[in-house]
Structures are given as structure tokens and as C-alpha cells.
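Numbering (the working numbering), first residue to last: 1 to 483.
Quick notes on the structure that follows.
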């Protein structure tokens, strides 16, 4: 008889609850419920609508509860909740794109040198990291810190509501920049120096740990950072591969046995995040389809509706290599209906032709992403001293045939796209391993290869892309170095 598990996958744009079945040979996924994840602005603060997400989750579980052997929750990284002594939520979790972290990196580095923070954590510096979110509460003398008795990562908040558990899962904790991979616990030294109360941080557990039950159904701590779950489902058949988890964010990396924390990784501003079985995801966070998503929303608000397929078609029809941007430029981080204008202004300020049409704008975004992938992959390969022959593109962006081909062209490597719902699949795989239905990740990846559709892209027009990369290097990488 097939075994059925429920994978609750919360993304920054939408959430989904998937029923994943395993019959001993193949995995089969069916969508139980999909729902939007819409941030809420209240006064000057951007929040996650966490109670709405809880409602959607419980409704989906009620629909699919019959015959379910386990439940697992994953989400994006860095965000968290603070609870009081009675276990109640003190405030809605704040969105990582909120402006409260403006200037916080510099404030923290006045107390702990930047190099020391990296040496202790091995994490890429981004203003949205949990360390800087928590530091903003310290700097503002927030009363939340006086009242809080428990810190929970975002998925562990839902695990707490499902089971009463009061722990944090390893892979999600490693995204916070408050975890020390050398000591394998919270980075108490940095927290204390910054003024963050260390007593609120709970035990860290590994993926596969049973957490309790919800209405009689076991709940398992999965690889609760969504990229960690997605990497579990990479259908790799040989060791020399890179993964590209493509969605709102693009996470490009290698799976290693240990973190790489040295001068080269510090200078490249790459990151070491936890994976299943104590592995580390040595990767670079790149702003992914976020810019295109925000442009689409802006055009919708202006009463012009485009599907993602429409935008990809318009981009394919637009002139190639007309304009390039740095997807990671700070100007593109905040949300807003002026995203198309920001792309245009970036091109104007860098002396390039200004993209005018939606097709030109989206083409600039896609080509720039593909070029940024090449830059990031070259860094990772050089620092880790590990060759890469193929790039596995997983997640929603694997459906974007134009971007996948551009990625193959830019990196000069074969691209294998799929599975599309990699995060939910990896979430389910960890549950199935915990249940004893799969022996480990190696067997699971064989099963994934039998179970999902994959598409193969080979590099084309390599000389043209090499030439464009030189131009990209001058416009973008030189600017990065100056910063």
C-alpha cells in the first residue's frame, strides 16, 4: 500500500500543501491547496499575515487528513517569531523586506567586526538576515525583547502551533547568521556582544526529528528551510553538479560535507547553510524572479495583465543583450509598483539603452540573471576547488524555458530542469526517510529520477555569451567590487 505524507511548503509569494505518495518505486504528488501569501503594511512596518497562513494550513490538513502518515512544514529563511511566557505570539512576524534593517549591518559591525561575524557563522552578508533583524529590536529598545521568552524560526512557529514543540530545526537556523557551524549551536558570543538576549533561543534539532502530533497525525521536523528541502530532491546522478533553486530567490550552490569558511569565501560573500544529514549548502543567494514578479504586479495594477508565459514570450521576442542590470543591487530589494522604473533608471545611470517595453525589461532581467549565475558559479567552483559539469535547475523557475536555456548558454554547462515542486518533494522525502520508507538521500534521488519530468538544455552561442559577459563584468562586477 502507498504511504502518504503531507508537505506544507510556504513560499514568499504563495503557499502550497501537497500530498505526496510513495508506492515503493515512484513518488506521486497531488496539490491539496494553494493560497497566496500576501504581506501586510501597517503604518511603517511590513508584516507577514501569519494568522491567515495558519488558517490556510489547518484547512488543508482537514481536507487531506485521511490516511496521512506524517506532516512536515518548510518556508523561506531568516524570518522568525517571538513568543511570551504563556506561549502566545507577541506580534506578527515582520517581513524580511521591511526597512527596519536599514543601516543595521554597520551598527552590528561596530560591536563585532564583520570578519569575525563571518568567521563565526560562514553566512553571506545580507541586511535581511535574522541577526540584523534582531539587532534592530535591540537598537530600538523594543519592548518585545523584554517580554519574549522564546524565539522560533518561521516554520517552527507552525510546528509549535501544530504540536506544542519548542525547538528550532537545524537547516533553517543556519540561515539566521546566528549559528556557529564550528560549535554546532547558536552563536552566543555575537548575540551577547550585540545585546540580543540569548536565553530565548531553544534547542536545535536535526531534520527527521519527531515533534509530536496534530489531531493524531505525527509531525516531523523536515529540512525546514525551503532550499534545503529542494536540494534533497535534486535528481543528481553524478557528483560534479551544482543546483539552482529558482523562484523568488535564486540559490545557486554545491552540496559539501563541511562549510568553507576562509578568506576567499569571505571576500566572495558566499554562504554555508545546513543541509540534510549534516551536509552544507555552499551557495550564493541571488535575487531571482523577484524583480520580474514585481514588474508583473506593477503592470497588473496599471490594468495590464500578463501571465508569466506572456512575459517570457515577449522577452524572447525582444532584442538580445540590449540592457543589463545587477539583480542584487539594493535598489531592487524593496517591493513596489515602481519596479519597472527602477530597472529603467539603473540602465540610464549605467549609460545603457533604457528598456521601454515589458518585453525589453523582462529580457534585461532574465539575461542579467543568467550572467549573474555564471559569475556566482565561477566563484563557488574556484573557492571549493570542485568541478561542475551540470547545473540542476529546480523549483518554479525550472518551468521557464527561456531562462533555463540562457543559464546553459551563460554558464557553458548542461542544464537539467526539474522537478518543479522540488521543495515539497524534498520535504516529503525527509518524512519518508524518518518513517523508514526510504533508506536515505541517495535512494530518494534515484526515486525522484523515476518519478518526475526533466528537461535537458545544452549550451548554445557560447562565444556571444562570453563577449556579453565581459560587458556585464564591466558594468556590474566592477560596481560590486567598488562597494
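Yeah, the Cβ is synthetic: ideal placement off N, Cα and C, and Gly gets one too.
- Residue 10 sits in a strand when the DSSP states are folded into three classes.
- DSSP links residue 218 through a beta bridge to 213.
- DSSP, reduced to helix, strand and coil, places residue 18 within a strand of the structure shown.
- Straight through space, the alpha carbons of residue 361 and residue 401 are spaced by roughly 17 Å.
- Distance from residue 244 to residue 392 at the Cβ level is roughly 7 Å; contact confirmed, criterion being Cβ atoms closer than 8 Å.
- With a beta-carbon spacing of about 5 Å, residue 286 and residue 372 fall inside the 8 Å limit used to define contacts.
- Within the same chain, and ignoring the five residues on either side of residue 460 in sequence, the residues whose Cβ sits closer than 6 Å to its Cβ are 409.
- A check of alpha carbon separations from residue 381 across 405, 455 and 411 identifies 411 as the nearest.
- By the Cβ test, the segment 75 to 82 is in contact with the segment 143 to 153, since at least three Cβ pairs between them sit closer than 8 Å.
- Contact check for residue 160 and residue 166: beta-carbon distance about 6 Å, within the 8 Å limit, so the pair qualifies.
- Here residue 32 is near residue 17, since their CB atoms are less than 8 Å apart.
- In this structure, 195 is the residue among 185, 195 and 149 with its C-alpha nearest to the C-alpha of residue 111.
- Annotation for residue 36: no alpha helix (DSSP H) segment contains it, though the beta strand (DSSP E) segment containing it runs 27 to 36.
- Only residues of its own chain outside the window of five on either side were considered, and among them 34, 35, 36 and 37 have a CB closer than 8 Å to the CB of residue 14, listed in chain order.
- Taking C-beta separations shorter than 7 Å and ignoring five residues to either side along the sequence, the partners of residue 292 in its chain run 311, 362 and 365, following chain order.
- For residue 153, no alpha helix (DSSP H) run applies; the uninterrupted beta strand (DSSP E) run containing it begins and ends at 150 to 153, by DSSP.
- DSSP, reduced to helix, strand and coil, places residue 54 within a helical segment of the structure shown.
- Burial check for residue 253: the Cβ neighbour count within 10 Å reaches 16 or more, so the residue is buried.
- Residues 99 of the same chain have their beta carbon placed closer than 8 Å to that of residue 44, with the five preceding and five following residues left out of the count.
- In the assembly as shown, residue 413 is a buried residue. Its beta-carbon has 16 or more other beta-carbons within 10 Å.
- Under the three-state reduction of DSSP output, residue 279 falls in the coil class, being neither helix nor strand.
- Under the 8 Å Cβ criterion, the segment 340 to 360 does not count as touching the segment 228 to 242, having fewer than three qualifying pairs.
- Annotation note: the segment 134 to 192 contains the following uninterrupted beta strand (DSSP E) runs of length 3 or greater, listed N- to C-terminal: 150 to 153.
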